[in-house]
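Here the protein sequences line up with chains G and B, keeping their order. Take the first sequence: its letters are residues 85 to 1003, numbered as in the numbering used here. Take the second sequence: its letters are residues 81 to 389, numbered as in the numbering used here. Idealized CB from N, CA, C, for every residue including glycine.
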Amino acid sequence: MPGLGASFGRGAATNYQQDMANSDCILFMGSNMAEAQPVGFRWPMVAKERGATLIHVDPRFTRMSAVCDLYVGIRSGSDIAFLGGLVNYVLTNDRWFHEYVLAYTNASTIIDEGFQDTEDLAGLFSGFDQQHKSYDSREGNWGYEEPGNGGQEQQDVSGSEQANSAKDPHGQQGHARDGSGKPYVSPYKDMTIAQRDPTLQHPHCIMQILRRHFARYTPEVVSQVCGCKPEEFVRVAELLCTNSGRERTTCIAYALGWTQHTTGVQIIRTAGILQLLLGNMGRPGGGIMALRGHSTIQGATDISTLYDSLPGYLPQPVAHDPANEDLSCYIEYGRMPTGYWANFSKFIVSLLKAWYGDAATPENDFGFSWVPRVDGDYSQLAYFDRMAKGGVKGYFLAGQNPAGGGPNANVHRAGLRNLEWLVVLDWFETESAVFWKDDPNGPSSSQVGTEVFFIPAAAAQEKEGSLTNTQRLIQWHRKAIDPSGDCRSDAWFFYNLGKRLKQLYAGSTDPKDQALLNLTWDYDYDEQPRLPDGTLSRIEGEPELEKVLMEINGHRLDEIDPRTGQSRLVSGYSELKDDGTTACGCWVYSGVFPEPGRNRADERKITDNPVQPEWGFAWPNNVRVLYNRASADPEGRPWSERKKLVWWDAEKRRWVGPDKPDFELEKPPDYQPAPGATGMAAIAGTQPFITKADGLGWLYSPSTKDGPLPTHYEPIESPLGNLLYPKHNTSPMVRFFDGPLNQISHTPTPEYPVVATTFRLTEHYLSGPMSRFNSWLNELQPEMFAELSFELAAERGIVHGGWMTIQTPRGRIEARAMVTRRLRPFVIEGRVVHQIGLPFHWAFAGESVGSNANDLTALLADPNVSMHESKAFTCQVQAGRLEGPTPPPTVPTAPWPTLDPIPDTPASAQPEGRLGHGK
Amino acid sequence: MASREKELSALTQTSDPPRGQLSELLGRLVYPFRRGKPPEPRPPTGFYTDTTVCIGCKACEVACKQWNQLPSDGFNWSGNSYDNTTELSATTWRHVKFIEQFSAEVPSGLATLDTLSNEQALNRWLMMSDHCKHCLAAPCHQACPTGAIIQNEFENVYIQADICNGCSCCVAACPFGVITRSDLGGHSHKCTLCYDRQRDGLEPACAKACPTKSIHFGPIEELREQARKRVEELHQRGVPQAYLYGDVPTETYSEMHSFYLLVDRPSVYGLPDSPFNPWLHMMGDYVRSVAGGLAAIAVLLLVVFLLKP
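Here it is, written out as structure tokens:
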């Protein structure tokens, strides 16, 4: 989530879901939380019961709109216009939180005179390189004005531009290699030398740049771009303003309705700007909730399944780059002189010690040369594009279903068909396991050469492990029963795969094999584990995942714990060192296992503390509200009694409060860094955003590749031109993957006049690999349908409940027509624009099958995180069905539950619903 | 509750001792004549469903089917909003209703700038999780000829499937259309208010699964108090139309042990506006049939004696 990282420092939701109950107002936008995260939605409902106002801004009236106090419909892809309008409203009506903004944001920082805004250059920032379709932030003078001569001299230090990368977890580090072969360059390294104007009057100070940038986003323009009424927009703006300030806080929640756009990162940035201006960051009931689409997707990025970062958001070294030649260069480029990332060397050395153990010594750079280097773009979309073009040999898929759920699933299936071998670990035979024989659009199975190995996987209840949820909370789950038959946990599979590989290479002296041979890979149980009922587990060779968690937590290698006779566990990342005496597998998780037998992720204690610090463990350091120093005023007093969370206790000389302070505990509010201070010493007592080099929240952030400020661009496929910047319809940096299967309709065309968006239903999960094999869920939503308005239906002769086809340049599908007043046409720029909604849950495998909305979406990637744009594209709709034979109706395939009594269970304990009683 | 579940899960699982064919047969013959000790009455329990916080997630439906091991009813897309369950039945004891209420006139023609800019704001999408009302004086209970339907120790209405003879009188008697007869075994089935879970000290599966606490379970008096407070609160917050359905007896119907907080007329939710207990017809029906019978006899006698040649 570089959108959050670029603004605040850490790419993670800032507050926790339970905290939404403390909000006075919640704006849901790009999120359908009630349908997609119904369990967490308990807390917004508690807020509502306490009198909070819930607002939903969305193209469709959903089950969430139904329980919100205010619904405003906007066209898919117009989010920046709406949010930019809110920013403009707050600035022009002087509704921003003056004290907060002055103290905690970079509003007063003065930017280089040479910087030119999109308002000056009709839709582009300065520094755009037409040839490479990318920005050069140095050329564009995105950096700070510095004392002296214009301030570019620090750039002479070779390679220092890359250094900035580490300051934002997920910052430009996220998907650094975009295929252009040119890593992103940041304009400056040292923030402490920036000039400031506390009066905010300097024409080049960020506040003034911001004002000019958003000045044209008036309620009328918002209405013209988004299709809502100006008064609806003003009502939202007023609600946000009146519910922010000292006494009240507003929370903004988003999900994939924001991220799945080519401007997704910038949409989130706009929300960040808005929340900083309103003073809602770091405060209870405020913040930005990034709601996630998968159960442990936060954990996946923390522990890094991303191709371009190492655990704990350390950058993956790049191949053929002198900056990554050896450890000292890597650290030189990776560390920041000021802020928390000054500790960079401790994190990487401890990681190398965790991975390579005794083999990592100061003499061999702690094995840094064994860490794999990235030589290209391995993000999912680029990778499958390459696969479809025949560039990949084999692939492992664990719990993922690209053949059904990938954007433009046609390309994904074509990719899988090009493989020599494919390993699928899953519960059921998903689309990705049967694409070679069951794909109705694919060639016959005799023409597919891929050898598919299907490995039955264990369910969550059948294995232990952890989940890191949307609020950074690590929660451990224990195993209830053994998996049946040959099913095994994913950990079992990869652990044993690693063991066998190590065996195959044993004894090799080839330098390239040393990385594998030196990897610490010893997680066997000391004795066969037991199930909760006391019996021995039947599964052989299962790794003990608490050992992995302890490695992630970290050890002091030079101290022996008398209780265990092994290295002592560290209590948190502040203990880490860069001399090789500590090992830590992921520094942000450090503290999760502080002493033997105390797995804090497994704690479930309810206490009187409303923050519930003893329920699981939240990274970093069990902080539940990030940047919570900002919940107190610059002097360290709570902004108000009602919204107190963390404050300075002058007697105890420390920060106190129900939440763990996200700040140095004993740094007083009046602390001022000495000139030339480095590391955390450079962060003043009034600077809450400690992972930013200047400790401030960034209204203006040069660390996103497509511009330091968010700008409204139309989606790549849109029926309209860009009203604000007619010369630049779409984001200038989007990457396309050309090919016959992935045609894009680049300009507005009457051929595809209807806006389409994909969405999710509560009843199914993603592309359905877990839900479309369950008859209880299938009966609730049995069939693919499309939502459309009465007006569009009348125009096309489509009848409710009848069939319709939807076509894009990528494909054509059929669906049942759900004609509803919940969707309505928009009036945009004086014309009527229709929009339809498509659930993306169906495909050709499973108990209930149907047309796949992802056969229509396009494969294209935004510049920051390689995200596709499934939430806004254009299509044509018609009445009728697809030609060709009608697919058979879907029927339950498993006659389950059976009518027979459950075995080994007394009659009195049999379920009530045995309808066959007496038969 | 969670700790109670932990306690229960620590109990060892047992199964019935194996029995021979003869003893099995004997057991079946003797069983109907055995009289156990009736359970002690417990504080009456019920459901209070606050429809204003229902998000239509259908977790209650799935939890109900899973706990009670009820089969799916087949895959039929109804086109009626998101409601593909359509009704309560012997195999569906929980049913979430979806009512789309938008501007009165449905646009029939094509969209024009005029019609769109004059359009009123969107209105409402009501959701309600429906189930057996567990009426205090339940018509199904009164209609059951075999005694299969009882009021258990929690004052919940419970069907003993093994005594039900499948006559379907209860189906006809229920004014809410809750009960149907299953073709699989020929018995009537409906929500048991998770009698088995309650006896073990657990809350019903649907209430446990409800993420927004739309479904409240507990002692009925406490629920009524809580619900009335909520209605008052809603009235103060500008929802004057909020009211409770079924919390107090009416002239024609008893109070229900599962009652609802609604914001529109009951018939909008598919509930009878004023439910009527068919039992109330009975007095009149008896009088009329006795009087009719007497009149018929009188006429017959008249014919026989007066017209005697």
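G:Asn485 beta carbon less than 8 Å from that of G:Pro853: Numbered from 1 along the first sequence, position 769 holds the residue referred to as residue 853 of chain G. Numbered from 1 along the first sequence, position 401 holds the residue referred to as residue 485 of chain G. Contact: yes.
Residue-level contact to chain B via CB, G:His925, 8 Å cutoff: For the purposes of this step, residue 925 of chain G is taken as residue 841 along the first sequence, with counting starting at 1. Interface with chain B (8 Å Cβ-Cβ cutoff): G:His925 is excluded.
G:Trp699: contacting residues in chain B (beta-carbon distance under 8 Å): On the first sequence, residue 699 of chain G is found 615 positions in, with the first residue counted as 1. Those within 8 Å of G:Trp699 in chain B number zero; the least Cβ separation is about 12 Å.
Residue from G:Pro803, G:Glu635, G:Ser592 with nearest C-alpha to G:Glu835: In the first sequence, residue 835 of chain G corresponds to position 751, counting from 1. Answer by Cα proximity: G:Pro803.
Residues near G:Pro282 in its chain [Cβ-Cβ closer than 8 Å; skip 5 each side]: Taking the first sequence and counting its residues from 1, the one referred to as residue 282 of chain G is at position 198. Counting only Cβ-Cβ distances below 8 Å, and skipping sequence neighbours, we find Leu186, Ser192.
Residue of G:Phe166, G:Arg179, G:Thr385 minimising C-alpha distance to G:Glu304: Your numbering for residue 304 of chain G matches position 220 in the first sequence. Ranking the options by Cα distance to G:Glu304, first place goes to G:Phe166.
Where G:Leu940 falls: helix, strand or coil (DSSP): Residue mapping note: residue 940 of chain G aligns to position 856 of the first sequence, counting from 1. Correct three-state label for G:Leu940: coil.
Chain-ordered neighbours of B:Asp145 on chain G, where CB pairs are closer than 8 Å: Within the second sequence, residue 145 of chain B is the residue found at index 65, counting from 1. A small fix is needed here, since residue 145 of chain B is Lys in this sequence, not Asp. Result: Trp860, Gly997.
Test: B:Ile135 CB closer than 8 Å to a CB of chain G: On the second sequence, residue 135 of chain B is found 55 positions in, with the first residue counted as 1. Judged by the 8 Å Cβ criterion, B:Ile135 is in contact with chain G.
With 16 other Cβ atoms within 10 Å as the buried cut-off, status of G:Asn494: Position 410 of the first sequence, counting from 1, holds the residue named residue 494 of chain G. Flag for G:Asn494 reads buried.
Residue-level contact to chain G via CB, B:Val258, 8 Å cutoff: The residue given as residue 258 of chain B occupies position 178 in the second sequence. By the rule that beta-carbons nearer than 8 Å mark a contact, B:Val258 does not touch chain G.
Environment of B:Ala375 [buried if 16+ CB atoms lie within 10 Å]: For the purposes of this step, residue 375 of chain B is taken as the residue at position 295 of the second sequence. An exposed status is given to B:Ala375, since fewer than 16 other beta-carbon atoms sit within 10 Å of its beta-carbon.
Identity of the residue in G:Ala945, G:Phe747, G:Ser307, G:Phe677 nearest G:Lys789 by Cα: By one-based count along the first sequence, residue 789 of chain G stands at place 705. Residue nearest to G:Lys789 within the set G:Ala945, G:Phe747, G:Ser307, G:Phe677 is G:Ala945 (criterion: CA-CA distance).
Opposing strand residues paired with B:Glu180 [DSSP bridges]: The count along the second sequence starts at 1 and reaches residue 180 of chain B at position 100. B:Glu180 is bridged to B:Trp205.
Length of the line joining the Cα atoms of G:Thr619 and B:Ile229: Against the first sequence, residue 619 of chain G aligns to sequence position 535. Against the second sequence, residue 229 of chain B aligns to sequence position 149. The C-alpha of G:Thr619 lies about 42 Å from the C-alpha of B:Ile229.
Among G:Asn826, G:Gln994, G:Ser992, G:Thr889, nearest to G:Leu465 - alpha-carbon criterion: As a first step, residue 465 of chain G is located in the first sequence; it is residue number 381 there, counting from the start. The residue with the shortest Cα to Cα distance from G:Leu465 is G:Asn826.
For G:Cys109, the nearest candidate out of G:Arg915, G:Tyr219, G:Cys335 (CA to CA): Sequence index remark: in the first sequence, residue 109 of chain G carries index 25 (1-based). Residue G:Cys335 is the option with its Cα nearest to G:Cys109.
Proximal chain B residues relative to G:Thr665, where beta-carbon distance stays under 9 Å: Within the first sequence, residue 665 of chain G is the residue found at index 581, counting from 1. What G:Thr665 touches in chain B: nothing, since even the nearest Cβ is about 42 Å away.
Local Cβ density within 10 Å of G:Trp732, reported as buried at 16 or more and exposed below that: Mapped onto the first sequence, residue 732 of chain G falls at position 648. Sixteen is the threshold: when 16 or more other Cβ atoms of the shown chains lie within 10 Å of the Cβ of G:Trp732, as they do, the residue is buried.
Cβ-based burial, G:Glu735 [other Cβ within 10 Å; buried from 16]: Start at 1 with the first residue of the first sequence, and residue 735 of chain G comes out as number 651. Residue environment: G:Glu735 is assigned as exposed (fewer than 16 neighbouring CB atoms within 10 Å of its CB, all protein chains considered).
Min CB distance G:Ala165 to chain B below 8 Å: Taking the first residue of the first sequence as 1, we reach residue 165 of chain G at position 81. Taking Cβ atoms only, chain B never reaches closer than 8 Å to G:Ala165, which makes this a no.
Alpha-carbon to alpha-carbon, G:Tyr607 and G:Lys631: On the first sequence, position 547 is the one that residue 631 of chain G refers to. On the first sequence, position 523 is the one that residue 607 of chain G refers to. So the alpha carbons of these two residues sit roughly 6 Å apart.
Residues bridged to G:Ser651 (per DSSP): The residue you call residue 651 of chain G lines up with position 567 of the first sequence. G:Ile644.
Listed by chain order, chain B residues near G:His884 by CB distance under 7 Å: What you label residue 884 of chain G is simply residue 800 of the first sequence in a count that begins at 1. Below the 7 Å Cβ cutoff, chain B contributes Gly159 as neighbours of G:His884, in chain order.
Beta carbon proximity, G:Thr904 to chain B, threshold 8 Å: For the purposes of this step, residue 904 of chain G is taken as the residue at position 820 of the first sequence. G:Thr904 counts as touching chain B.
Within-8 Å CB hit, B:Asp96 to chain G: Here residue 96 of chain B refers to the residue found at position 16 when the second sequence is read from its first residue. It does; some Cβ of chain G falls within 8 Å.
G:Ser573 - partner residues in DSSP beta bridges: Position 489 of the first sequence, counting from 1, holds the residue named residue 573 of chain G. According to DSSP, G:Ser573 bridges with nothing at all.
Under 8 Å between C-beta atoms of B:Glu302 and B:Glu120: By 1-based counting over the second sequence, the position of residue 302 of chain B is 222. By 1-based counting over the second sequence, the position of residue 120 of chain B is 40. Cβ atoms of B:Glu302 and B:Glu120: not closer than 8 Å.
For B:Tyr238: DSSP bridge partner residues: In the second sequence, counting from the first residue as 1, residue 238 of chain B sits at position 158. In the DSSP output, where bridge partners are listed per residue, B:Tyr238 has B:Ile230.
Chain-ordered neighbours of G:Val123 on chain B, where CB pairs are closer than 8 Å: Taking the first residue of the first sequence as 1, we reach residue 123 of chain G at position 39. Near G:Val123 (Cβ distances below 8 Å), the residues of chain B are Pro291.
Rounded separation between G:Glu611 and G:Lys547 - CA only: As a first step, residue 611 of chain G is located in the first sequence; it is residue number 527 there, counting from the start. As a first step, residue 547 of chain G is located in the first sequence; it is residue number 463 there, counting from the start. Going by C-alpha positions, G:Glu611 is about 17 Å away from G:Lys547.
Short Cβ contact (8 Å threshold) for G:Thr841 with G:Gly934: Counted from its first residue, the first sequence places residue 841 of chain G at position 757. Counted from its first residue, the first sequence places residue 934 of chain G at position 850. In this structure, G:Gly934 does not lie closer than 8 Å to G:Thr841 by Cβ.
Under 8 Å between C-beta atoms of B:Ile295 and B:Thr171: As a working note, residue 295 of chain B is residue 215 in the second sequence. As a working note, residue 171 of chain B is residue 91 in the second sequence. Not a contact, by the Cβ cut-off of 8 Å.
Terminal residues of the alpha helix (DSSP H) in which G:Ile351 lies: Here residue 351 of chain G corresponds to residue number 267 of the first sequence, with the count starting at 1. It spans 348-361 - the alpha helix (DSSP H) in which G:Ile351 sits, taken as one unbroken run.
For G:Trp520, the three-state DSSP class (helix, strand or coil): Mapped onto the first sequence, residue 520 of chain G falls at position 436. If DSSP states are grouped into helix, strand and coil, G:Trp520 belongs with the helices.
Rounded C-alpha distance that separates G:Leu394 from G:Leu629: Here residue 394 of chain G refers to the residue found at position 310 of the first sequence. Here residue 629 of chain G refers to the residue found at position 545 of the first sequence. Distance between the alpha carbons of G:Leu394 and G:Leu629: 20 Å.
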